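Heads up, the sequence shown is in our numbering, so the first residue is 241 and it goes up one at a time. Where a beta carbon is used, it is the ideal one built from N, C-alpha and C, also for glycine. Just so it is clear, the structure is predicted and the values come from calculations on it, not from any experiment. Each remark here refers to the structure printed beneath this line.
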Amino acid sequence: MESLFEEKTLSRRNDPQTSKDAAKDMVSTGKLARAEQFAYFLILNHPGSTAREIEELKELERCTVQRRVAGLVEKGLVIKGDPKTQSNGRSAATLYS
């Protein structure tokens with residue numbers, strides 16, 4: 241799976257150079273594509289869950305799945321379903337592949 245992103249979209253204009261270098265590294269090394277594949281696999285195996293629920297279930301670092309959802313949605317691999325209330329009381333979209 242190729243990544244949709246280029247390093248310029250992973251960092252903002254005002255970000256420090258270190259952030260821009262990290263974004264470039266994510267794309268050039270394939271780390272971004274692997275992260276998207278991992279997030280897609282988790283969503284595929286836990287349909288109807290929110291990104292946060294998947295992260296909690298798998299004891300992942302916060303935002304591991306959340307950060308990749310937009311790219312997966314843009315590619316048409318993931319769709320957002322009806323929102324539901326999470327354990328933290330906030331509402332979030334359910335995810336399906």
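* Could you check if I283 is buried or exposed, using at least 16 other CB atoms within 10 Å of its CB as the buried criterion? => buried
* To do: Go through its chain and collect everything with a Cβ distance to T290's Cβ below 8 angstroms, but skip five positions before and after it.
  => K324, Q326, A332, A333, T334, L335
* Looking at the unbroken beta strand (DSSP E) that takes in K264, where does it start and where does it end? -> K264: not part of any beta strand (DSSP E); member of the alpha helix (DSSP H) spanning 257-268, first to last residue.
* To do: Determine the direct distance from the alpha carbon of D322 to that of S268, and round the result to whole angstroms.
  => 35 angstroms
* For G311, count neighbouring Cβ atoms within 10 angstroms of its own Cβ and tell me buried if that reaches 16, exposed if not. => buried
* Could you give the uninterrupted runs of the alpha helix (DSSP H) lying entirely in the region 300-324, keeping only those of 4 residues or more? -> 306-314
* Asked: How many Å lie between R253 and R330 at the Cα?
  -> Looking at the two C-alpha atoms, the distance is approximately 30 angstroms.
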